[in-house]
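Residue numbers (this note's numbering): 764 to 868. Note that CB positions come from ideal geometry on N, CA and C, so glycine has one too.
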């Protein structure tokens, strides 16, 4: 199986010796995995994986929750996704979603 994966993605280069400090690190990904793990702990009782709770958490993480590593910005703000959200980001996102779906009909 490993041969199939490596053969399919020859443009990918495995980098070993990734360290906590330095230019090459995976700190952001590890932090994200830690956040997901923390959230999963309290959701273990869910019998179905594909629920609105999971999608809601992803929206919260990317559009609402400020991140210390991004100087208090959200990942969406860091990616220059400007949705013009006010103080109540949840409410503004819901309104924009309803408006979008209304215009799609």
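Express the C-alpha separation of residue 802 and residue 821 in angstroms, rounding to a whole number.
11 Å
With DSSP run on the structure shown, which of helix, strand or coil describes residue 802?
helix
Span of the alpha helix (DSSP H), counted from its first residue to its last, around residue 858:
852-867
Taking all protein chains shown into account, do 16 or more other C-beta atoms lie within 10 angstroms of the C-beta of residue 837, making it buried, or fewer, making it exposed?
buried
I need the DSSP call for residue 836, collapsed to helix, strand or coil.
strand
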